[in-house]
Amino acid sequence: MSIYVKDAELLLLPLIGGLSKAHHDWKNLFDGWGMIEWSFPIGETMFWSGMILAAAGLYLGIKNVISEYRIGITASNETISS
């Protein structure tokens with residue numbers, strides 16, 4: 009979505025369904041708010057926020073798998089020892 013937010017001022021990307029540039033939702037929103045010059049910085053913020061959230065989710069997922077794997081190995085070793 010961030011790519012369409014960043015495109016609100018330049019209107020270079022094609023719209024879904026072949027709609028005209030007048031139907032660019034983000035341009036209409038930013039124009040209505042009087043913030044069209046902020047479309048690119050806001051789009052960049054959205055992009056990098058998404059990247060950070062995706063990286064954090066990946067990190068936490070991998071951390072959880074490793075933790076569960078270690079717990080499983082510890083439980084197996086305790087069963088074998090007893």
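Residue numbering for the sequence shown is 9 to 90, as defined by the working numbering. C-beta: ideal position from N, C-alpha, C; glycine also. As the structure is a computational prediction, the values presented were derived from the model and not from experiment.
field: Selection from V13, K71, G80 and E76 that minimises the alpha carbon distance to F38
entry: V13
message: Tell me which residue opens and which closes the alpha helix (DSSP H) that W34 is part of.
response: D33 to W41
field: Nearest-angstrom beta carbon gap, M9 and M54 [assumed within contact, 8 angstroms]
entry: 7 angstroms
task: Return the Cβ separation of H31 and L18 in integer angstroms, given the expectation that the two are a contact with Cβ distance under 8 angstroms.
output: The Cβ separation is near 16 angstroms, so there is no contact.
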